[in-house]
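Before any comments, here is the structure.
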Amino acid sequence: MDPQHDLIAEFLRRHPGEVCADCLADAIDLPPSQVSMAMQRLTFGGGFAARLGMCCRCHHRRTVVKAA
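Note that this note's numbering has the sequence shown beginning at 2, numbered continuously upward.
Below you can see the structure in the form of structure tokens.
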């Protein structure tokens, strides 16, 4: 994994709840496009789950991810 994946994975493990790409990007100071791509790769690798749901930070209905 690259440093961005590690940063995202660590954030998700330390912060329970489902987070959208925009809020996750804001929290770890990375571009949303990079976070979105990394979220897809993390969910395919296992240990993380993505679905359409409510973001625990912005409370919008979006694709969200969490540590499984």
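All C-beta atoms, glycine included, are put in the ideal place defined by N, C-alpha and C. Remember, predicted model here, so these are calculated numbers, not experimental data.
Between which two residues does the alpha helix (DSSP H) holding A26 run? By one-based count along the sequence shown, residue 26 stands at place 25. From DSSP, the alpha helix (DSSP H) with A26 extends over A22 to I29.
Is the separation between the beta-carbon of G47 and that of V65 shorter than 8 Å? Taking the first residue of the sequence shown as 1, we reach residue 47 at position 46. Taking the first residue of the sequence shown as 1, we reach residue 65 at position 64. Not closer than 8 Å, so no.
Between the alpha carbons of P32 and A26, how many angstroms are there, rounded? Within the sequence shown, the letter at position 31 stands for residue 32. Within the sequence shown, the letter at position 25 stands for residue 26. In a straight line, the C-alpha of P32 is about 6 Å away from that of A26.
Which residue or residues does DSSP assign as beta-bridge partners of L53? Your numbering for residue 53 matches position 52 in the sequence shown. Note: L53 sits in a beta bridge opposite T64.
Own chain, CB closer than 6 Å to S37, minus 5 neighbours either side, in chain order: For the purposes of this step, residue 37 is identified with residue 36 of the sequence shown, where counting begins at 1. Contacts found: A22.
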